[in-house]
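Written below as structure tokens is the structure these notes are about.
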Amino acid sequence: MSEKEYKFRGRDITEKFNAMIDGVVALLVKQLNIPEEDARQMFKDSKIFSDLENTETGFWAGTAEYIVDYYFEEIGIKY
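Structural data, given as structure tokens:
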């Protein structure tokens with residue numbers, strides 16, 4: 000997703016973080032029927048993504064489905 004490195008309690012979680020984002024994007028593509036690039040950009044521009052980048056919250060450790068539920072709530076979609 001990006002060249003940015005993500006750490007949690009001193010441990011590199013970049014690979015896990017990026018894999019979770021890829022999972023979120025895949026769900027958005029499927030559920031919203033939009034291109035991957037659009038889904039990735041929409042998600043990257045969201046408050047939820049900003050919350051995920053604050054790795055100390057542990058929010059990044061949730062499942063893609065969990066994150067998508069929060070994203071849909073943020074943008075006002077009931078799914």
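The sequence shown begins at 0 in numbering that gives the first Met the number 0 and counts up one residue at a time. Note that CB positions come from ideal geometry on N, CA and C, so glycine has one too. Nothing here was measured: the structure is a model prediction, and the numbers come from that model.
Which residues share a DSSP beta bridge with residue i?
i: K6; result: D11
Measuring CA to CA, which of the options is closest to residue i?
i: Y65; options: I20, E35, I33; result: I20
i: G9; options: Y69, N17, T54; result: T54
i: T13; options: R39, G75, L51; result: L51
i: F7; options: E72, G75, L31, G57; result: G57
Determine the direct distance from the alpha carbon of residue j to that of residue i, and round the result to whole angstroms.
i: D68; j: L27; result: 10 Å
i: V24; j: E35; result: 7 Å
Subject >> Contact the segment 2-14 vs the segment 37-44: 3+ CB pairs below 8 Å >> reply: no
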